[in-house]
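>
Numbering (the working numbering), first residue to last: 189 to 581.
(1) Please determine if the segment 305–317 and the segment 446–460 are in contact, where contact requires at least 3 C-beta pairs separated by less than 8 Å.
(2) Which complete alpha helix (DSSP H) runs does the segment 200–249 hold, if anything under 4 residues is left out?
(3) Please name the residue in 205, 434 and 442 whose C-alpha comes closest to that of residue 497.
(4) Looking at the unbroken alpha helix (DSSP H) that takes in residue 442, where does it start and where does it end?
(5) Can you check DSSP and say which residues form a bridge with residue 326?
(6) From the DSSP output, read off the bridge partner residues of residue 415.
(7) Just the Cα atoms here: how many angstroms apart are residue 544 and residue 536?
(8) Under three-state DSSP, which class holds residue 506?
(9) Would you kindly report the start and end of the unbroken beta strand (DSSP E) that includes residue 291?
(10) Can you tell me which of the three DSSP states residue 473 falls into?
(11) In whole angstroms, what is the alpha-carbon distance linking residue 540 and residue 532?
(12) Need the endpoints of the beta strand (DSSP E) that residue 281 sits in, please.
(13) Which of the three DSSP states is assigned to residue 464 in this structure?
(14) According to the Cβ coordinates, are residue 280 and residue 448 closer than 9 Å?
(15) Going by DSSP in three states, residue 380 sits in which element: helix, strand or coil?
(16) Could you tell me the distance, in whole angstroms, from the CA atom of residue 437 to the CA atom of residue 307?
(17) What's the call for residue 547, buried or exposed, on a 16-neighbour Cβ count within 10 Å?
(18) For residue 283 and residue 303, what's the separation of their Cα atoms in angstroms?
(19) Is it buried or exposed for residue 289, if we count other Cβ within 10 angstroms and need 16 for buried?
(20) Pick out whichever of 240, 212, 324 and 247 has its Cα sitting closest to the Cα of residue 263.
(21) How close, in whole Å, do the beta carbons of residue 197 and residue 248 come, if the pair is a contact with beta carbons under 8 Å?
(22) Where does residue 359 land, buried or exposed, given buried means 16+ other C-beta within 10 angstroms?
(23) Which class does residue 173 belong to by DSSP, given the choice of helix, strand or coil?
(24) So, with DSSP's three-state summary, where would you put residue 531?
(25) Can you find at least 3 beta carbon pairs, one from the segment 463–480 and one from the segment 406–419, that sit closer than 8 Å?
(26) Grouping DSSP H, G and I as helix and E and B as strand, with all else coil, what is residue 512?
(27) Cα separation between residue 513 and residue 565?
(28) State the start and end residues of the unbroken alpha helix (DSSP H) segment that holds residue 400.
(29) What does the alpha-carbon distance come out to for the pair residue 560 and residue 443?
(30) In this structure, does DSSP put residue 344 in helix, strand or coil?
(31) With distances taken Cα to Cα, identify the nearest neighbour of residue 445 among 508, 298, 390 and 204.
(32) Between the alpha carbons of residue 562 and residue 321, how many angstroms are there, rounded?
(33) Taking 9 Å as the threshold (C-beta atoms), are residue 318 and residue 407 in contact?
(34) Could you tell me how far apart the beta carbons of residue 396 and residue 230 are, in whole angstroms, since I believe they sit closer than 8 Å?
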């Protein structure tokens, strides 16, 4: 199937077989998350809706095969007893919000505290109990993934100012949800009408239960460190998040969507422009506006229910993009207060150092875009987000 002009990503069976050959494993598990059904729907949508180019087909085949490889590795770890199910994931911090509102920045600031742990990008690709940090450079798997991301950033020097990636950076935990082929993140990279309709009615709880088992395995060597997680697409699945992590501290970031939506559209376009004939700037603008406005509406309704429930153990906190720019350590201190932890002077210094690092060198923000590039206007966005608390933030 690997012809130069192939525009067919593959079949469910073909991708499973390819993933098995890659790592010599065959047990994909079940877990009740119906990953084969999800993969079938996603493939049908890619073939029918996306208008993939050969480059797009190659990309999506790699992404889906990678998700199945990660699933195989997780299953192998589960079978080997690497999951410490008796270790409670207590009071995890879950950062969510519209894309481009500071979720990544806040997540990585929280990760500057060695008492916290997050999901490193390379361990999302090859799930396993996290080895001691000082051994990573001796691990050929880590080095391979490190060099892959470093190569991508070198070949795309402008991308670092949009969203810098490296193997040891903390990343979105949708990378664990992808093992269940259940994520709105796919809709940010292609036109997927059929998959989007299917996803709107899916039960997210099994995917989050698998998410939790992966965290228990990856953090097996660090049971006393608090998990800090980040994923804008948690906006669509708050009920499932709190079904699995009932005492979570949920931090919602806010930024005026007239700014964040233009940035989101630009990121999607920069990432996926060559992969499809249908993922046009106009389509990106209309689809991302609808997607993320629905996400905010879904989250706000679920949040209101949980905040009104006297039995709820969840805590909610709001952080604006302006607050994050003006006082990053103060924002972290507010999150810590919600968890019942005092921000020490040493951790404050580490947070401030991480903030400086994120604003310098290859990581320095250099993102340019306009709403008009995507057929949007401030008036249209303000109308679609009417009532959103971050509209003026």
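Built from N, CA and C at the ideal position, the CB exists for glycine as well. Predicted model only: the values in this text are computed from it and were never measured.
Short version:
(1) no
(2) 200–211 and 223–236
(3) Within the chain shown, residue 497 is the residue found at index 309, counting from 1. With distances taken between Cα atoms, residue 497 lies closest to 434.
(4) Within the chain shown, residue 442 is the residue found at index 254, counting from 1. Run containing residue 442: none in the alpha helix (DSSP H); it sits in the beta strand (DSSP E), 437–442.
(5) The residue you call residue 326 lines up with position 138 of the chain shown. Looking at the DSSP assignment, residue 326 forms no beta bridge with any residue, so it has no partner.
(6) Position 227 of the chain shown, counting from 1, holds the residue named residue 415. Per DSSP, 305.
(7) On the chain shown, residue 544 is found 356 positions in, with the first residue counted as 1. On the chain shown, residue 536 is found 348 positions in, with the first residue counted as 1. Taking the straight line from one Cα to the other gives about 12 Å.
(8) On the chain shown, position 318 is the one that residue 506 refers to. Correct three-state label for residue 506: strand.
(9) Residue mapping note: residue 291 aligns to position 103 of the chain shown, counting from 1. Segment 291–298 is the alpha helix (DSSP H) holding residue 291; no beta strand (DSSP E) there.
(10) Residue mapping note: residue 473 aligns to position 285 of the chain shown, counting from 1. The answer is helix: DSSP assigns residue 473 an H, G or I state.
(11) If you number the chain shown from 1, residue 540 lands on position 352. If you number the chain shown from 1, residue 532 lands on position 344. Going from the Cα of residue 540 to the Cα of residue 532 covers about 12 Å.
(12) Here the question's residue 281 lines up with position 93 in the chain shown. Taken as a continuous stretch (DSSP letters only), the beta strand (DSSP E) holding residue 281 covers 281–285.
(13) By one-based count along the chain shown, residue 464 stands at place 276. The answer is strand: DSSP assigns residue 464 an E or B state.
(14) Against the chain shown, residue 280 aligns to sequence position 92. Against the chain shown, residue 448 aligns to sequence position 260. Cβ atoms of residue 280 and residue 448: not closer than 9 Å.
(15) Taking the first residue of the chain shown as 1, we reach residue 380 at position 192. In this structure, residue 380 counts as coil in the three-state DSSP scheme.
(16) Taking the chain shown and counting its residues from 1, the one referred to as residue 437 is at position 249. Taking the chain shown and counting its residues from 1, the one referred to as residue 307 is at position 119. Approximately 17 Å between the Cα atoms of the pair.
(17) Locating residue 547 in the chain shown gives position 359, where the first residue counts as 1. That one is exposed.
(18) Taking the first residue of the chain shown as 1, we reach residue 283 at position 95. Taking the first residue of the chain shown as 1, we reach residue 303 at position 115. Going by the C-alpha atoms only, they are around 17 Å apart.
(19) On the chain shown, position 101 is the one that residue 289 refers to. Residue 289 is buried by the Cβ-count criterion.
(20) If you number the chain shown from 1, residue 263 lands on position 75. Of 240, 212, 324 and 247, the residue nearest in Cα terms is 212.
(21) By one-based count along the chain shown, residue 197 stands at place 9. By one-based count along the chain shown, residue 248 stands at place 60. Indeed, because the Cβ distance is near 5 Å, the residues count as touching under 8 Å.
(22) Position 171 of the chain shown, counted from the start, is the residue given in the question as residue 359. By the neighbour-count rule (16 or more Cβ atoms within 10 Å), residue 359 is buried.
(23) The question about residue 173 has no answer, for the chain in this structure spans 189 to 581.
(24) Along the chain shown, read from residue 1 onward, the residue named residue 531 stands at position 343. Coil, per DSSP.
(25) no
(26) By 1-based counting over the chain shown, the position of residue 512 is 324. Of the three classes helix, strand and coil, the one that applies to residue 512 here is helix, per DSSP.
(27) Here residue 513 corresponds to residue number 325 of the chain shown, with the count starting at 1. Here residue 565 corresponds to residue number 377 of the chain shown, with the count starting at 1. Between residue 513 and residue 565, the C-alpha separation is close to 25 Å.
(28) Within the chain shown, residue 400 is the residue found at index 212, counting from 1. From DSSP, the alpha helix (DSSP H) with residue 400 extends over 393–406.
(29) Within the chain shown, the letter at position 372 stands for residue 560. Within the chain shown, the letter at position 255 stands for residue 443. Roughly 19 Å between the two C-alpha positions.
(30) Position 156 of the chain shown holds residue 344. If DSSP states are grouped into helix, strand and coil, residue 344 belongs with coil.
(31) Along the chain shown, read from residue 1 onward, the residue named residue 445 stands at position 257. The shortest C-alpha separation from residue 445 is found at 508.
(32) Here residue 562 corresponds to residue number 374 of the chain shown, with the count starting at 1. Here residue 321 corresponds to residue number 133 of the chain shown, with the count starting at 1. If you take the alpha carbons of residue 562 and residue 321, they lie about 42 Å apart.
(33) Position 219 of the chain shown, counted from the first residue, corresponds to residue 407. Position 130 of the chain shown, counted from the first residue, corresponds to residue 318. Cβ distance < 9 Å, so residue 407 and residue 318 count as in contact.
(34) Working through the chain shown from its first residue, we reach residue 396 at position 208. Working through the chain shown from its first residue, we reach residue 230 at position 42. Residue 396 to residue 230, Cβ: 18 Å. No contact.
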